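Inspection log for the structure reproduced underneath, given as structure tokens.
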Amino acid sequence: MAGLSYHLTTFGCQMNEHDSERIDGLLESLGYSQAAAPSEADLILLNTCSIRESADRRLATQLGNAKRFKAARPGVVIGVGGCWAQSLKDEVFERYPFVDVAFGPGQVDRLGEFLLADSIGAQGYFEFGGFTADLPMRAQQRAQAWMQISVGCNQKCSYCIVPSTRGLEVSRPFSDLVAEAEHLVDRGAREITLLGQNVNSYGRDLRPERRSFSELLAAIDGVEGVDRLRYTSPHPQDMRADVVAAHVELESVCEHIHLPLQSGSSKILKAMRRTYDRDRYLSRVAMIREAIPDISLTTDIIVGFPGETEADFEQTLSLVEEAQFDAAYTFIYSSRRDTEAALITDGVVPAEQASERIGRLIELVQRGALKRAERFVGRSVEVLVEGPSRTDPERIRGRTRHNKAVNFVGIAEPGELVTVEIESATSTSLSGRVTLVSSALR
Ligand code: SAH
Ligand code: SF4
Ligand code: F3S
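In structure tokens, the structure reads:
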């Protein structure tokens, strides 16, 4: 196998990024090296997403390129993994006959099986079947690590393709996760982010002993060497007092909660099947703020869901003002195959109106985010160093416990925790200078 190279392009959310890290580890262990560009690789891999139409379009371009590279160098193997592959299944090969292997989210080990098979030429498609944890880890060490705690989603949000691509929710065993956290710390991690579509419903399906998400937080917090613990995404419906208390009681649990809203209109939330209304969402925010006054709250919002009127949209704007988010990811509704909302024909919001609305929303979000970010100016904050700043090589980049990106002046190595005095803020980042290197590299 030695001498072969691969190129992997990742689309979508952190779960795909996490799977891609696992693919890197697997391929390294099989002796593949990383190619600088897909045009030079023996194995071209796309880890796909299908959450919105724009994701599909980007993918189509990449697939077209892969096809050309294969035509130029016939031995090239093309593989597609992730949610788009899962949602199309065998159709992938009918529509894109130049694809050699397709595998669902989490099925990284099946890619390995395929590559090790005698006749790599035959096409292979692998159904999803959970998360395979026992994979070679990537050699590269990072202070920030991800840990997938569950696969799938039991919610039925009417716009969302994920339940059909990732299946029903299955929690990974509690003791496996604690062991994985210990392993990650041994390899240099000091910040762990727990991943799942609905992290705080973790453990209800575990037998014989049911577990709760807050128990998991406590167990991982108890792992020696975990300095920071994060999670994404919780569902507002399951954001209960025990999870909020974990932020107060457990030292490693960070002062940041990503609480996806989707809409500020109860009517639209109902049509989206989000299982909470405007008041319930706001009462969760109030509960969080009462327990952790300085919390950073971020969210996801969809505009232009079918039936959204100007009055509904204004409800979203007013909720954004009331909740005071530190950041929000905003999306124009995109109709997805095999979803309930795709069948709605009434009240479809024209594209120009949706983009006009998202423009107004982004403007409000940015104004609010700037105001929230300004509270850090003059404060000294703990920053986990990531590397050189992307925009200014003279500066260093890192993240605060509140999950704010910081660019700062000083000397610090990736993986160090340093104290930075914040001198200025924009809506998306902070800047300042190091005052203290508080803890050495592990
Ligand atoms: N499980 C998480 C996130 C799922 S996907 C949750 O429930 O919050 C991330 C975000 O993509 C969602 O929160 C939603 O805002 C957005 N999204 C999902 N499907 C979409 C669609 N069909 N059109 C536009 N945005 C969508
Ligand atoms: Fe999709 Fe809703 Fe599940 Fe999130 S909770 S993955 S939006 S179905
Ligand atoms: Fe995309 Fe699948 Fe994640 S559709 S956003 S890669 S769960």
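Counting in the numbering used here, the sequence shown tops out at residue 1747, every number present.
Heads up, the beta-carbon is just placed ideally off N, CA and C, and yes, glycines get one too.
Since this is a predicted model, take the numbers as computed values, not measurements.
Segment contact: the region 1616 to 1624 against the region 1566 to 1586, three or more CB-CB distances shorter than 8 Å; contact assigned. Cβ-Cβ separation between residue 1557 and residue 1507: approximately 17 Å, too far for a contact (criterion under 8 Å).
DSSP, reduced to helix, strand and coil, places residue 1636 within a strand of the structure shown. Taking each of 1590, 1525, 1575 in turn and checking the Cα distance to residue 1543, the smallest one comes out for 1590. Segment contact: the region 1535 to 1549 against the region 1498 to 1507, three or more CB-CB distances shorter than 8 Å; contact assigned. With three or more CB-CB distances shorter than 8 Å, the region 1638 to 1656 counts as touching the region 1599 to 1613. Put simply, the region 1700 to 1707 touches the region 1671 to 1689. At least three CB pairs are less than 8 Å apart. The region 1487 to 1565 contains, as complete alpha helix (DSSP H) runs of 4+ residues, the segments 1518 to 1526, 1546 to 1554 (chain order). Taking the Cα of residue 1677 as reference, the smallest distance to any Cα among 1661, 1628, 1410, 1694 is reached at 1628.
Taking each of 1599, 1654, 1682, 1617 in turn and checking the Cα distance to residue 1728, the smallest one comes out for 1682. Here residue 1701 is bridged, per DSSP, to 1693, 1713. For residue 1339, the closest C-alpha among the options 1352, 1355, 1362, 1309 is that of 1309. Rounded to the nearest angstrom, the gap between the Cα atoms of residue 1692 and residue 1587 is 37 Å. Separation of residue 1742 and residue 1730 (C-alpha to C-alpha, rounded to the nearest whole angstrom) is 22 Å.
Scanning the region 1360 to 1412 from its first residue to its last, the whole alpha helix (DSSP H) runs of 4-plus residues come out as 1388 to 1393, 1396 to 1400. Nearest Cα to residue 1343 within the set 1366, 1605, 1361: 1366. Between residue 1471 and residue 1388 the beta-carbon gap is near 7 Å, inside 8 Å, which marks them as a contact. Residue side-chain check: residue 1468 places its Cβ nearer than 8 Å to a non-hydrogen atom of the ligand SF4. DSSP, read as helix, strand or coil, puts residue 1325 in helix.
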